[in-house]
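For reference, the structure discussed in these notes is given below.
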Amino acid sequence: MFRKFGREIGIFVLLLVLCATVAALNPRFLGITNLANMARLIGIYGIFSIGIAMVIISGGIDLSVGSMFALLGVLLSIALVDKHWAWPLAVVAILAVGMGLGAIHGLLVTRLRIQPFIVTLCGLLIYRGLAQFIARDETKGFGSAQGFEALRTAATTNLLGVPIPFVMLIIIAVIMAVLLGRTVYGRHLYATGCNEEASRYSGIATKRIISSTYIISGLFAAIAGILLAFYSNSISPSTHGSSYELYGIAAAVLGGCSLRGGEGSIVGVLLGTALLQVLQNLVNLLGIPSSLNFAVVGAVILVGVIGDRLLAGRDR
Amino acid sequence: MKHASLLGATLLLALCTFGCKSGGTDTASPASDRAVGAKHLKLAFITNNASDFWTIARKGTEKAAAELPNVEVDFRMPTDSAVATQRAIIDDLLAKGVDGMAISPNDPANATDMLNNAAKQALVITQDSDAPNSNRACYIGTDNTAAGRQAGEELKKALPNGGKVVIFVGKADAQNAKERIGGLKEAIAGTKIQVLDVRTDDADHTRAKTNAADSLTKDPDLAAMVGIWSYNGPAILSAIQDANKVGKVKIVCFDEEDDTLAGVKSGAIEATIVQQPFEFGYQTIVTMNKVLNGDKSAIPAEKKVIVPTLVLHQSDVDAFKTKLDKLRGRS
Chain G
401 MFRKFGREIG IFVLLLVLCA TVAALNPRFL GITNLANMAR LIGIYGIFSI
451 GIAMVIISGG IDLSVGSMFA LLGVLLSIAL VDKHWAWPLA VVAILAVGMG
501 LGAIHGLLVT RLRIQPFIVT LCGLLIYRGL AQFIARDETK GFGSAQGFEA
551 LRTAATTNLL GVPIPFVMLI IIAVIMAVLL GRTVYGRHLY ATGCNEEASR
601 YSGIATKRII SSTYIISGLF AAIAGILLAF YSNSISPSTH GSSYELYGIA
651 AAVLGGCSLR GGEGSIVGVL LGTALLQVLQ NLVNLLGIPS SLNFAVVGAV
701 ILVGVIGDRL LAGRDR
Chain Y
4 MKHASLLGAT LLLALCTFGC KSGGTDTASP ASDRAVGAKH LKLAFITNNA
54 SDFWTIARKG TEKAAAELPN VEVDFRMPTD SAVATQRAII DDLLAKGVDG
104 MAISPNDPAN ATDMLNNAAK QALVITQDSD APNSNRACYI GTDNTAAGRQ
154 AGEELKKALP NGGKVVIFVG KADAQNAKER IGGLKEAIAG TKIQVLDVRT
204 DDADHTRAKT NAADSLTKDP DLAAMVGIWS YNGPAILSAI QDANKVGKVK
254 IVCFDEEDDT LAGVKSGAIE ATIVQQPFEF GYQTIVTMNK VLNGDKSAIP
304 AEKKVIVPTL VLHQSDVDAF KTKLDKLRGR S
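As given, the protein sequences belong to chains G and Y, one line each in that order.
To convert a position in the first sequence, counted from 1, into this note's numbering, add 400.
To convert a position in the second sequence, counted from 1, into this note's numbering, add 3.
Below, the structure is given as structure tokens:
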């Protein structure tokens with residue numbers, strides 16, 4: 401138990417140190433606008449990172465999320481702008497497609513026993529290609545949002561000063577934390593992630609558990625995909641969301657998920673996501689050359705993971 | 004098990020259908036046209052990535068192909084902007100046997116060998132990005148330094164008293180980015196306009212917007228923002244709208260994305276500098292046809308055909324948009 405908390409405390413301390421440093425170097429970091437900007441992005445990234453974390457806890461991996469953003473973004477734009485669907489219908493359809501794709505991943509992984517890496521890698525390629533084909537390589541957008549202003553407002557506005565994506569993240573995080581920590585499903589999920597075979601012999605419906613995590617990941621990718629589409633308001637099928645799955649995986653790993661499965665918590669994923677966004681923000685706010693962006697992110701993740709490793713070593 | 008295999012089959016079928024379809028539209032040339040006097044030519048047009056810009060260029064190649072019955076055009080958009088992807092396409096086309104190709108090299112500085120190799124087997128024209136040290140027959144495209152100067156002039160008009168400016172681009176080391184930024188800095192030299200920084204986003208539109216939003220936070224007294232690549236304009240506009248700073252922070256940008264044109268029309272964007280990709284497509288095919296049919300005069304002595312860039316202001320948008328929609332077949 402201590403070890404589990406220790407992980408989250410470690411990353412929490414890293415996050416605090418980082419925030420304090422940036423705030424000291426540029427006080428505007430703590431300005432209302434900047435905090436709202438960051439909260440919006442943490443909301444979007446956090447939602448799909450939780451989905452990816454669920455898959456990782458079950459012992460799998462989901463690489464398809466970034467391409468799913470492109471495909472779902474393109475479909476959303478076509479449904480709303482070209483086909484003039486009523487926006488509630490379009491949203492439900494996009495969520496259904498996300499869950500459907502997740503269900504397919506789950507089936508391929510559990511029924512055909514194909515490795516999750518390969519299934520979702522194929523997803524990454526197929527969805528990107530389909531997005532480009534369907535959009536005919538044209539950038540899709542939402543123009544002036546005629547007919548679905550309500551949806552765009554809902555996706556981009558603030559509720560009592562807090563950006564909607566962040567509010568949604570908190571709601572989702574609470575639900576998932578309860579699901580993981582207080583229900584039979586959660587215990588079965590951790591058990592399946594630790595040792596699938598042993599869990600199956602002890603009567604857990606592991607196939608169903610594993611499939612469910614891919615469906616959850618697909619659903620959350622769809623929710624985040626809608627928010628992301630309205631955030632950038634422009635979906636270039638060849639680049640939209642490209643490599644975002646890696647941010648989700650990084651957030652999960654930073655937050656204490658083991659890629660071997662069976663470990664991880666929602667709080668950890670939230671802290672990991674926040675850390676990644678603060679990093680992006682500090683590169684801009686401190687005027688660090690953009691070209692160093694990835695290097696800074698990579699270095700801090702490495703520091704976090706090394707720190708965690710050392711702490712873990714001491715406990716054992 | 005049953006479900007999964009059914010799905011696999013469906014996907015395969017779908018992919019196959021898509022593949023066949025796009026193959027069909029790519030090469031449209033009835034064999035009966037061979038009878039016409041001029042030599043039957045297989046020409047290729049290779050872009051440097053997949054984007055709207057190139058779908059307009061494609062219309063230009065289609066117009067040329069329609070006018071020239073002896074010409075068959077193979078239009079290729081690499082799926083990403085990696086040098087290797089483009090290289091593979093060029094090798095395939097050479098193996099297939101094309102008479103001429105118009106290439107927008109992804110990495111012009113290091114493309115010399117590849118282009119020279121291709122030039123041994125076919126007529127090679129560079130378009131969009133030039134590789135002047137290679138054996139390409141000529142370059143047809145934009146003078147990006149001149150376009151940068153135009154943007155600089157617009158910036159001077161927008162900021163008569165000077166001010167702080169941040170520039171946004173996908174990759175600062177891309178040739179067109181270097182030239183546009185160079186031209187812009189040249190035009191504003193000696194004025195009170197100060198370029199604070201160049202922020203890059205690796206062509207990620209979300210990061211482009213975040214960069215713009217963060218710059219507004221970092222420098223609240225920013226006077227203007229410049230978007231070098233096509234999506235930077237809309238990204239900057241969106242960030243400025245979120246921060247309620249429309250009009251307070253001026254925008255000058257490039258290209259003709261829908262949101263950019265809407266921004267110019269509303270006055271939120273001062274001006275946008277547009278290229279004419281349709282002309283790239285049209286002129287490269289027409290020029291290659293002339294040269295391959297023995298008319299060497301189609302290539303000017305300096306081996307460069309500059310397609311001028313246009314500056315669009317508020318009053319120019321409607322006419323431009325009508326023309327553009329027609330080219331894209333939207334209207």
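Using N, Cα and C, we set each Cβ at its ideal position, and we do this for glycine too.
Only a predicted model underlies this, so the values are computations on that prediction, with no experimental measurement involved.
Query                                                                                                                               : Result
Cα-Cα separation between Y/ALA180 and Y/VAL172, rounded to whole angstroms                                                          : 7 Å
Minimum length 4: unbroken alpha helix (DSSP H) runs contained in the stretch 530-607 of chain G                                    : 549-556, 564-582, 584-594, 596-601
Y/LEU199 versus G/GLU596 - alpha carbon distance                                                                                    : 56 Å
Closer than 8 Å at the beta carbon, the chain Y residues around G/ASN426                                                            : LYS221
Beta-carbon proximity check, G/GLN677 vs G/ILE447, cutoff 7 Å                                                                       : no
Through-space distance from G/ALA554 to Y/ILE170, alpha-carbon basis                                                                : 31 Å
Check whether Y/ASN109 and Y/ASN51 have beta carbons under 7 Å apart                                                                : yes
Runs of alpha helix (DSSP H) lying entirely within the stretch 436-477 of chain G, each at least 4 residues, in chain order         : 465-477
Euclidean distance between Cα positions of Y/ASN136 and Y/THR115                                                                    : 7 Å
Cβ contact check for the stretch 652-667 of chain G and the stretch 489-507 of chain G: 3 or more pairs under 8 Å                   : no
As assigned by DSSP and simplified to three states, the class of G/SER634                                                           : strand
Residues of its chain near Y/ASP36, where Cβ-Cβ distance is below 8 Å and the 5 sequence neighbours each way are ignored            : With a pLDDT of 41 at Y/ASP36, under the threshold of 50, the predicted position of this residue should be treated as unreliable, though the coordinate-derived value follows. Counting only Cβ-Cβ distances below 8 Å, and skipping sequence neighbours, we find HIS43, PRO72, ASN73.
Beta-carbon gap between Y/PHE281 and Y/LEU330 smaller than 7 Å                                                                      : yes
Y/LYS167 classed as buried or exposed, judged by whether at least 16 other C-beta atoms fall within 10 angstroms                    : buried
Continuous beta strand (DSSP E) stretch holding Y/PHE257: start and end                                                             : 253-257
Beta-bridge partners of Y/THR203, as assigned by DSSP                                                                               : Y/VAL172
DSSP-derived helix/strand/coil call for G/CYS721                                                                                    : Beyond the ends of chain G as shown, which are 401 and 716, falls residue 721 of chain G; an answer cannot be given.
Per-residue burial, Y/ILE309 [other beta carbons within 10 Å of its own, 16 or more giving buried]                                  : exposed
Which listed residue (Y/ARG79, Y/ALA177, Y/GLU70) has its alpha carbon closest to that of Y/ARG61                                   : Y/ARG79
Chain G within 7 Å of Y/ARG79, Cβ atoms only                                                                                        : no
Under 8 Å (Cβ pairs) to chain Y, residues found in the stretch 431-442 of chain G                                                   : GLY431, THR433, ASN434, ASN437, LEU441
Inter-residue spacing [alpha-carbon to alpha-carbon] between Y/PRO163 and G/TYR614                                                  : 57 Å
Contacts of Y/SER107 in chain G (Cβ-Cβ under 7 Å)                                                                                   : None at all; the shortest Cβ gap to chain G is about 14 Å.
The stretch 564-581 of chain G in contact with the stretch 635-652 of chain G per 3-pair CB rule at 8 Å                             : no
Y/VAL320 to Y/LYS268 span [Cα, whole Å]                                                                                             : 6 Å
Rounded separation between G/HIS484 and Y/ALA105 - CA only                                                                          : 39 Å
Contacts around Y/ALA121, its chain only, beta-carbon distance under 8 Å, and the 5 residues preceding and following it disregarded : ILE93, LEU97, MET104, ILE106, VAL127
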